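Asks: Each residue of the sequence shown is one higher than the one before, starting from 1 at the first, in the working numbering. Yeah, the Cβ is synthetic: ideal placement off N, Cα and C, and Gly gets one too. Quick caveat: nothing in here was measured; it's all calculated off a predicted structure.
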Amino acid sequence: MTPREQRLRVREIQLRERELALRHWQGRDAAASRIAEGGFRSLFVMNGLGALALGAFLAVAIPMPEAEDLLPFVIAAIALHALGLLLAASLSWVRYMKRRYEDRRDRHGSRNPWWWATVAISLASALMFLFGIAFVVYGGFTALDLGDDDNGQVSRVFQT
Numbered sequence: 001m002t003p004r005e006q007r008l009r010v011r012e013i014q015l016r017e018r019e020l021a022l023r024h025w026q027g028r029d030a031a032a033s034r035i036a037e038g039g040f041r042s043l044f045v046m047n048g049l050g051a052l053a054l055g056a057f058l059a060v061a062i063p064m065p066e067a068e069d070l071l072p073f074v075i076a077a078i079a080l081h082a083l084g085l086l087l088a089a090s091l092s093w094v095r096y097m098k099r100r101y102e103d104r105r106d107r108h109g110s111r112n113p114w115w116w117a118t119v120a121i122s123l124a125s126a127l128m129f130l131f132g133i134a135f136v137v138y139g140g141f142t143a144l145d146l147g148d149d150d151n152g153q154v155s156r157v158f159q160t
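(1) Which whole-angstrom value is the C-beta distance of V74 and L58, which I expect to be below 8 Å?
(2) For D103, which of helix, strand or coil comes out of DSSP?
(3) Between the region 60-75 and the region 112-126, can you find at least three pairs of beta-carbon atoms closer than 8 Å?
(4) Would F44 and A76 be called neighbours here (beta carbons separated by less than 8 Å)?
(5) Please state whether DSSP places N47 in a helix, a strand or coil.
(6) With A126 and L85 assumed to form a contact (beta carbons below 8 Å), what rounded beta-carbon distance in angstroms separates them?
(7) Would you mind giving the Cβ-Cβ distance between L80 and M128, rounded to the nearest angstrom? I have them listed as a contact below 8 Å.
(8) Between the alpha carbons of I78 and L20, how many angstroms are there, rounded?
(9) In this structure, how does DSSP classify I78 when only helix, strand and coil are distinguished?
(10) Grab me the residues of G38's own chain with a C-beta within less than 7 Å of its C-beta, minus the 5 sequence neighbours each way, in chain order.
(11) Within its chain, find whatever has a CB closer than 8 Å to the CB of F135; leave out the 5 residues flanking it on each side and keep chain order.
(12) Could you have a look at T2 and say whether DSSP puts it in helix, strand or coil?
(13) So what's E37 in DSSP terms, helix, strand or just coil?
(14) Between which two residues does the alpha helix (DSSP H) carrying L130 extend?
(15) One question on the structure: do R61 and A67 come within less than 8 Å of each other, judged by their Cβ atoms?
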């Protein structure tokens with residue numbers, strides 16, 4: 001085998017190794033992408049339906065004078081859900097930027113700064129949903145009129 005043929009053979013082996021490594025990453029990324037896409041959809045649906053449900057509740061509660069103290073909490077919760085919805089919607093762009101960075105720099109996983117941005121935005125969107133629900137529950141208990149019963153004791157909401 002001549003030196004030229006030997007160099008060509010080594011080059012061919014190196015190209016095959018790179019192709020196998022690329023196929024490995026493509027298969028791994030495809031599975032991770034499907035899982036992440038389901039998570040992003042669920043964040044979008046959770047925040048969107050939460051805001052929609054609270055909006056419907058708000059439409060029913062506005063004419064009721066008893067719900068006057070609860071309305072600011074509901075409006076704030078709708079704003080938190082809307083913010084969570086915007087964060088969930090921005091995840092598509094962040095994932096695109098993460099992918100571009102991986103293609104240019106060959107950095108995968110936590111070595112990619114866009115990966116951290118994806119994690120942070122996902123967490124923030126989920127927290128907006130939780131804080132929105134907690135805010136409405138807190139507002140509901142704050143707005144409850146627990147009044148005094150006949151003995152001068154504060155009555156309980158749930159009698160056992």
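Replies: From the atom records:
(1) Here the question's residue 74 lines up with position 74 in the sequence shown. Here the question's residue 58 lines up with position 58 in the sequence shown. With 8 Å as the limit, V74 and L58 qualify as a contact, their Cβ atoms being about 5 Å apart.
(2) Reading the sequence shown from its first residue, position 103 is the one you call residue 103. Three-state DSSP puts D103 in a helix.
(3) Segments in contact, no.
(4) Locating residue 44 in the sequence shown gives position 44, counting from the first residue. Locating residue 76 in the sequence shown gives position 76, counting from the first residue. Against a cut-off of 8 Å, the Cβ pair of A76 and F44 comes out as no contact.
(5) As a working mapping, residue 47 is identified with position 47 in the sequence shown. The answer is helix: DSSP assigns N47 an H, G or I state.
(6) Against the sequence shown, residue 126 aligns to sequence position 126. Against the sequence shown, residue 85 aligns to sequence position 85. Between the beta-carbon of A126 and that of L85 there is about 12 Å, and that puts the pair past the 8 Å contact cut.
(7) As a working note, residue 80 is residue 80 in the sequence shown. As a working note, residue 128 is residue 128 in the sequence shown. Rounded, the Cβ-Cβ distance is 5 Å, consistent with contact.
(8) For the purposes of this step, residue 78 is identified with residue 78 of the sequence shown, where counting begins at 1. For the purposes of this step, residue 20 is identified with residue 20 of the sequence shown, where counting begins at 1. Approximately 49 Å, taken between the alpha carbons.
(9) One-based indexing of the sequence shown puts residue 78 at position 78. The answer is helix: DSSP assigns I78 an H, G or I state.
(10) Along the sequence shown, one-based indexing puts residue 38 at 38. There are no such residues.
(11) Taking the sequence shown and counting its residues from 1, one reaches residue 135 at position 135. Result list for F135: F73, A76, A77, L80, in chain order.
(12) On the sequence shown, position 2 is the one that residue 2 refers to. Reduced to three states, the DSSP call for T2 is coil.
(13) In the sequence shown, residue 37 corresponds to position 37, counting from 1. Reduced to three states, the DSSP call for E37 is helix.
(14) What you label residue 130 is simply residue 130 of the sequence shown in a count that begins at 1. Taken as a continuous stretch (DSSP letters only), the alpha helix (DSSP H) holding L130 covers 113-143.
(15) Taking the first residue of the sequence shown as position 1, residue 61 is located at position 61. Taking the first residue of the sequence shown as position 1, residue 67 is located at position 67. Note that residue 61 is Ala in the sequence shown here, rather than Arg. Against a cut-off of 8 Å, the Cβ pair of A67 and A61 comes out as a contact.
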